Amino acid sequence: MSPALDLRPILYVLGWLLTVLGLAMLVPMLVDLLLDHPDWTSFMAGGVITSFIGVSLVLTMGGRSIVLRRQQTFLLTTSAWISTGIFGCLPFMLSEFEMSFPDAFFETISGLTTTGSTVMSGLDTAPPGILLWRSILQWLGGIGIIGMSLVIFPFLRIGGMQLFKTESSDTTEKILPSVGRLGAAISLVYLALSVICALAYWAAGMCAFDSLLHAMTTLS
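Start counting the sequence shown at 116; every next residue gets the next number (our numbering).
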């Protein structure tokens, strides 16, 4: 009889994902607040709820080294898409658009998967916070897919990524920093390209805000 699946590592990682997602909601909240748009409250509510649950999971499920097995990794991938989709759609549902859950969930997953599809109309007159949140979701989705690949590919033995996978504890300590350094390097390149792309749009005559939005969606 196989041992029960340990969900604590999965919930711990999900906690960090939700914490990052909740903190990301503060950016469009500040934009709407500075522009005196009432939708800032929707981002504040969504950010508080998401961050609270995320931090709670981190504090209660952490406290020891996290080791993900094959089954846990696949379950983490599925639960990560579902949980970030559910919490990421809160601003859409609470904003002046008052989107239904299916539409808001579709919009969020479309952004996180960098699909680009939308069910929203009137984007030209949409509040700046909502426009920024759609771009942030796509930008986070772009780097998130890369990060998730670093976790999943070693278990799938894709290309040379199986070199990151090991069952030996002493080798794991050497390999994990390598994965961390690779992820940090990719993130820095992703951020640098985003800045360069935004500056290029701005130099071409686009306003600063639109340049930022288009750069995030382009790089994703």
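For each residue, glycine too, the CB sits at the ideal point set by N, CA and C. Given the structure is predicted, the values throughout are model-derived calculations rather than measurements.
Note the first and the last residue of the continuous alpha helix (DSSP H) segment covering Pro206. Leu205 to Leu209
With a threshold of 16 other CB atoms inside 10 Å of the CB of Glu222, please say whether the residue is buried or exposed. buried
I need the straight-line Cα distance from His152 to Pro242, nearest angstrom please. 8 Å
Proximity of Thr134 and Val163 at Cβ, strictly below 8 Å: no
What are the boundary residues of the alpha helix (DSSP H) that Leu172 is part of? Trp155 to Met176
Taking its Cβ as the centre, do 16 or more other Cβ atoms sit within 10 Å of Thr199, making it buried, or is it exposed? buried
Is the beta carbon of Leu328 sitting closer than 8 Å to the one on Leu247? yes
Classify Leu308 as buried or exposed, calling it buried when 16 or more other Cβ atoms lie within 10 Å of its own Cβ. exposed
Between which two residues does the alpha helix (DSSP H) harbouring Pro143 extend? Leu141 to Leu149
Could you tell me if the beta carbon of Ala318 falls within a distance shorter than 7 Å of some heavy atom in the ligand PLP? Ligands displayed in this structure: none; no statement on the ligand PLP is therefore possible.
Using CA coordinates, which residue listed in Leu209, Arg123, Asp147 and Leu138 is at the minimum distance from Leu190? Arg123
Kindly list the residues whose CB is nearer than 7 Å to the CB of Ala330, restricted to its own chain and excluding five residues on each side of it in sequence; keep chain order. Ser309, Cys312, Ala313 and Tyr316
Go through its chain and collect everything with a Cβ distance to Leu138's Cβ below 8 Å, but skip five positions before and after it. Gly162 and Ser166
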